[in-house]
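Residue numbers (the UniProt record's numbering): 1 to 515.
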Amino acid sequence: METRSAKRKKYWSEGENGIDRISDLPDVVLHQILFHLPIKSIAQTSVLSKRWRSLWSSFPDLDFTSINPIGVDSTNAPNTKSSIKNKRLLLCPHSFSVKRLDFISQVLAFRDKQSDLRILRFRAPLSFSRLNGLIRLAVRQNVQELDVEVATDDYFNFPRSVLTSESLRVFKLRSRYPGFRLLPPSVMKGGFQSLHTLSLSLVILYDQPTLSDLFTDSSFPRLKKLNLDACFGLKQLKVSCLALEEFTLENCFQLHGLDVSGAKLKTLQVASCFDAYCDKSWVKINAPSLRVMVWEYNAITENSSLENLVSAHEASIGFFVLNEDFSVTKLRSVSNLLSALSRLHTLTLEGQCVEVLSSRNYIANLMHPFDQLKSLELQTGFNKHNLPGLAYLFKCSPALHTLILKILNDYKIEQRKWNKDLWDMPSSEEQFWESQSQALKPLLNNLSVVKIHGFLECENEVSLAKFLLKHGKALQEITLFSGHCNYRDYLRRQKIRSQLMGFSRASSNAKIEFL
């Protein structure tokens, strides 16, 4: 006796009159359904009938990342000579071992030659010759998106067959180890006429430390997205593709100079770049359409020239500072970078930014105010040495609506000292903030929301909270986020909270909340 579930499956597969309804769906619909299945499951459907075998041989989106990951050795897989045996293996992918047969090569070889390949993705340890062979097979089938991650026994060269592809729109090449080299500039500049996305990771450039004429409009006329990661040996880079909209550069620790320009560039991300020991490092950016800029954990360059950032709306800025190198030249460079972003509406500062602004040399390198800034997030160690930097940022943000402070864990131990006379006698931190009340009046007349994460009820934190509650004319809510504590700290915390609540009721209409 058939169960209800079995009857439903039979109905949808054969219908009321024994007709296979699913197989009658158009190829494009069935391909879209199969796209959500693992590649082995898709291959298994080919045993159902000739119709499904045809769907498998013409399937346009091949993602092998689930069956051939990095760590599975396929370099020694021998090629079989019997085409009949190969077809049987393709129909039953579980019946073979990756070490005995290169499943990817076989699938590509037996695809319908009249069906173009839309996507090919794979992760595998391969020899250079096998990698080239796979890419050549994909290019012959007019692949549009090629996403490859490989580990090889030795360095390999950038696959030449990619350059001549007229169908390729997206190319992503990541090397796990040991990396790959680019072809000579004269060869590289001859291709990529149709490419709109390029991502390269672990590129060895010791023989080509300067890439000043590769990423140009003539070489990449349609490039919209560019991602370069771990380019070892790269010292100078110039990117000037007119169609470029997104550019990401990461982990280029030997970089000396960066020049980026683009009329359509909207998103720029540079992280963990520049040589901290180089005394002639520089950055130049010209992007009138730039909306979002991420500049994190980069060594401070000797010179920063950012022009025409008239559309910049959001930025996250952070620096990697070596041995507290706050020279006047580097501080001026920081000032130039921040001043170029003065039209921002949202700003996040991290990675020793506040420490840099608190340097005694920074006063000679004043930056432009953030007159349009509405949201400011600061990630810093909250100690007395950083108070000048905080006050300076507050002065430069007269229209600020939301302030978020995230106190870094590294500084919390030294902050735990508690002044029992904090409420009876003003501390030095409290006196400092009171001395800034006139200069910070524009901020205090607009600031509405304050959030402090990592609040441990220490002098620096409590002093700022009291100051904002006392002078914040537009303050509506202040939220203090603190972690777990032992019983002794809990009693102290409750006392401080009750005192803050009382101070709030006496000095401000703001809502104060502890989380």
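Note that CB positions come from ideal geometry on N, CA and C, so glycine has one too.
Whole-number beta carbon distance between residue j and residue i, since they are thought to touch under 8 angstroms
{"i": "Lys40", "j": "Ile67", "result": "6 angstroms"}
{"i": "Ser167", "j": "Phe192", "result": "That pair is no contact at about 12 angstroms."}
{"i": "Phe319", "j": "Asn336", "result": "Not a contact, Cβ separation roughly 13 angstroms."}
{"i": "Phe514", "j": "Ser482", "result": "7 angstroms"}
Pairwise C-alpha distance: residue j and residue i
{"i": "Glu461", "j": "Ser316", "result": "23 angstroms"}
{"i": "Ser397", "j": "Leu255", "result": "33 angstroms"}
{"i": "Val310", "j": "Gly381", "result": "32 angstroms"}
{"i": "His453", "j": "Ala474", "result": "21 angstroms"}
{"i": "Thr301", "j": "Gln269", "result": "16 angstroms"}
{"i": "residue 525", "j": "Gln372", "result": "No information on residue 525 is available, as it lies outside the stretch 1 to 515 that the chain covers here."}
{"i": "Asn86", "j": "Leu173", "result": "Because Asn86 carries a pLDDT of 44, less than 50, the predicted location of this residue cannot be relied on, and the following value inherits that uncertainty. The alpha-carbon atoms of Asn86 and Leu173 are separated by roughly 29 angstroms."}
{"i": "Ala287", "j": "Lys451", "result": "33 angstroms"}
{"i": "Gln476", "j": "His401", "result": "10 angstroms"}
{"i": "Val294", "j": "Ser49", "result": "53 angstroms"}
{"i": "Asp229", "j": "Leu468", "result": "43 angstroms"}
{"i": "Asp207", "j": "Phe232", "result": "10 angstroms"}
{"i": "Leu338", "j": "Lys395", "result": "14 angstroms"}
{"i": "His368", "j": "Ser342", "result": "6 angstroms"}
{"i": "Asn227", "j": "Gln352", "result": "26 angstroms"}
{"i": "Asp259", "j": "Glu355", "result": "27 angstroms"}
{"i": "Thr344", "j": "Phe370", "result": "Inspection of the sequence shows that residue 344 is occupied by Leu rather than by Thr. Whole-angstrom Cα-Cα distance: 7 angstroms."}
{"i": "Val47", "j": "Arg111", "result": "15 angstroms"}
{"i": "Gln32", "j": "Ala340", "result": "47 angstroms"}
{"i": "Asp116", "j": "Lys235", "result": "40 angstroms"}
{"i": "His196", "j": "Leu237", "result": "19 angstroms"}
{"i": "Ser448", "j": "Phe326", "result": "34 angstroms"}
{"i": "Glu377", "j": "Thr346", "result": "8 angstroms"}
{"i": "Ser161", "j": "Glu296", "result": "36 angstroms"}
{"i": "Pro221", "j": "Ser194", "result": "8 angstroms"}
{"i": "Leu214", "j": "Cys252", "result": "17 angstroms"}
Close beta carbons around residue i, own chain, < 6 angstroms, minus the five adjacent residues each side
{"i": "residue 545", "result": "Missing from the structure shown is residue 545; the chain here goes from 1 to 515 and no further."}
{"i": "Pro159", "result": "Asn132, Ile135"}
{"i": "Asp217", "result": "Cys241, Leu242"}
{"i": "Val148", "result": "Leu173"}
{"i": "Arg169", "result": "Gln144, His196"}
Own chain, CB closer than 7 angstroms to residue i, minus 5 neighbours either side, in chain order
{"i": "Ser82", "result": "Its pLDDT being 41, under 50, Ser82 is placed unreliably by the model, and the measurement read from it follows with that caveat. Result list for Ser82: empty, nothing under 7 angstroms."}
{"i": "Leu30", "result": "Leu55"}
{"i": "Ser437", "result": "His471"}
{"i": "Lys412", "result": "Because the pLDDT of Lys412 is 45, which lies under 50, any placement of that residue in the model is unreliable, and the number read from its coordinates should be weighed accordingly. Same-chain partners within the cutoff: Gly454, Leu456."}
{"i": "Leu422", "result": "A caution first: Leu422 carries a pLDDT of 48, below 50, which makes its placement in the model too unreliable to give a value."}
{"i": "His385", "result": "Ser358"}
Residue burial classification, residue i (beta-carbon count within 10 angstroms, cutoff 16)
{"i": "Tyr392", "result": "buried"}
{"i": "Gly190", "result": "exposed"}
{"i": "Ser304", "result": "buried"}
{"i": "Lys330", "result": "buried"}
{"i": "Ile204", "result": "buried"}
{"i": "Thr348", "result": "buried"}
{"i": "Ile407", "result": "buried"}
{"i": "Asp102", "result": "buried"}
{"i": "Pro26", "result": "exposed"}
{"i": "Val328", "result": "exposed"}
{"i": "Thr164", "result": "exposed"}
{"i": "Asn445", "result": "exposed"}
{"i": "Leu306", "result": "buried"}
{"i": "Pro184", "result": "exposed"}
{"i": "Ala263", "result": "exposed"}
{"i": "Gln114", "result": "exposed"}
{"i": "Lys511", "result": "exposed"}
{"i": "Arg140", "result": "exposed"}
{"i": "Leu405", "result": "buried"}
Neighbourhood of residue i by C-beta distance below 8 angstroms, restricted to the same chain and skipping five residues each side
{"i": "Leu137", "result": "Ser105, Leu108, Ala109"}
{"i": "Tyr155", "result": "Pro178, Gly179, Phe180, Arg181, Ile204"}
{"i": "Leu440", "result": "Ala391, Phe394, Lys395, His471"}
{"i": "Leu223", "result": "Phe192, Leu195, His196, Thr197, Leu198, Phe215, Cys241, Ala243, Leu244"}
Next item on the list: Could I get the ranges of all uninterrupted alpha helix (DSSP H) runs contained in the segment 175-229, with 4 residues as the minimum, in chain order?
Entry: Segments of the alpha helix (DSSP H) lying fully in the segment 175-229: 185-188.
Checklist line | Complete alpha helix (DSSP H) runs within the segment 95-150 (minimum length 4 residues, chain order) | finding: 103-109, 128-140
Margin query: Which complete beta strand (DSSP E) runs does the segment 425-458 hold, if anything under 3 residues is left out?
Written below: 449-453
Notebook entry, point to check: Which residue spans inside the segment 236-267 form an unbroken beta strand (DSSP E) run of at least 3?
Noted result: 236-240, 246-252, 257-261
Checklist line | Start-end ranges of the beta strand (DSSP E) lying completely within the segment 342-400, minimum 3 residues | finding: 346-350, 375-380
Item checked: Minimum length 3: unbroken beta strand (DSSP E) runs contained in the UniProt domain "F-box" (19-67) -> 61-63
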